[in-house]
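With numbering that gives the first Met the number 0, letter number 241 in the sequence shown gets 240, and the count goes up by one each step, no holes.
Quick reminder that beta carbons are idealized off the backbone N, C-alpha and C, glycines included.
A short write-up of the structure that comes next.
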Amino acid sequence: MAHTSDELLPDPPPQGSVNYGAYLKVKELLALQVPKSAPAEHDEMLFIIIHQVYELWFKLVLHELDKVSTDLFANRPWAALSTMKRVRHVLKVLVSQLDVLETMTPLEFASFRSRLDQASGFQSAQFRELEFLLGHKRAEMLRFHPEGSVDRARLEKRLAAPSLVDAFYALLDAQGVPVPKAVLTRDAREPNAAVPELHEPLVRAYRERPDLVLLLEAMTDLDEGVQEWRYRHVKMVERTIGKKMGTGGSSGAEYLRRTLFTPLFPDLWAIRGMM
């Protein structure tokens with residue numbers, strides 16, 4: 000017996016139950032895109048949505064990498080591995096979003112750019128949190144957030160907390176890989192730096208510990224994903240504003256270019272030529 004399309008539809012939800020829109024707060028979410036230009040420039044909506052979506056992805060990446068850090072400190076490499084794979088896929092989405100943003104020409108961006116006033120990506124507290132969590136720690140970046148603000152407090156907490164590389168060192172130590180004591184007790188506020196004494200033990204781990212190799216490669220993959228996103232971000236900025244000063248007084252693409260090719264886990268790259 001043939002079914003009509005209506006027969007295949009689910010029954011309406013019971014009165015008072017939580018529905019799709021209420022659970023996801025769709026009404027509130029869709030009210031957050033408010034262009035500054037008047038009359039509104041067509042491409043400002045794209046600019047706002049892309050950056051709001053980025054902030055949502057940053058929130059998820061922080062959520063996931065906090066779990067990775069917890070799992071590494073607790074000597075749970077397999078749990079960390081699964082979550083890192085998810086983060087790597089998110090980073091691929093972050094890169095692909097730039098393809099959408101690059102459909103906006105320099106003239107189209109210029110049509111509303113002045114409305115941004117002092118707003119700048121430098122002020123993204125979540126992205127700065129992500130940098131600190133990954134070990135790219137620079138106390139001077141706190142100055143973009145007023146003292147006493149919620150964002151400043153979050154960043155100060157991240158700056159003082161162990162980064163993902165500290166969790167990595169702790170896991171290596173728990174797994175029997177000899178890690179220098181000075182590395183295990185290092186100042187968490189310091190940025191990641193290569194540890195030459197760790198290179199030979201890591202090479203041995205690659206040769207003798209296939210269980211750890213999966214984790215080491217996942218961390219290298221994560222590192223490469225962050226570097227890939229940085230590179231595409233720089234090229235997008237160059238394509239859109241060239242060598243102009245960035246919003247908020249930054250040096251634009253020139254500043255971003257200085258962040259390129261700086262690995263988060265330098266030891267994992269340094270040992271490539273030793274194997």
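Distance from F260 to M218 at the Cβ level is roughly 17 Å; contact not present, criterion being Cβ atoms closer than 8 Å. For K66, the uninterrupted alpha helix (DSSP H) segment begins and ends at 43-72. In this structure, F72 sits near A169, with a CB-CB distance shorter than 8 Å. Residues E107 of the same chain have their beta carbon placed closer than 8 Å to that of H41, with the five preceding and five following residues left out of the count. Distances from the CA of N191 to each of R271, G20, V225, L133 were compared; the closest alpha carbon is that of L133. S68 counts as buried, since no fewer than 16 other beta carbons sit within 10 angstroms of its beta carbon.
The C-beta distance from L158 to F131 rounds to 5 Å, short enough to meet the 8 Å contact threshold.
Counted as a single uninterrupted DSSP element, the alpha helix (DSSP H) harbouring G20 occupies residues 19-23. Counted as a single uninterrupted DSSP element, the alpha helix (DSSP H) harbouring T82 occupies residues 76-100.
Residues I270, M273, M274 of the same chain have their beta carbon placed closer than 8 Å to that of V202, with the five preceding and five following residues left out of the count. Counting the other Cβ atoms within 10 Å of the Cβ of K58 gives fewer than 16, which makes it exposed.
A distance below 7 Å between beta-carbons, with the five flanking residues on each side excluded, links K26 to the following residues of its chain, in chain order: G20. Nearest Cα to D266 within the set E227, A204, S123: A204.
Shortest Cα-Cα distance from H50 to any of H62, E63, L93 involves L93.
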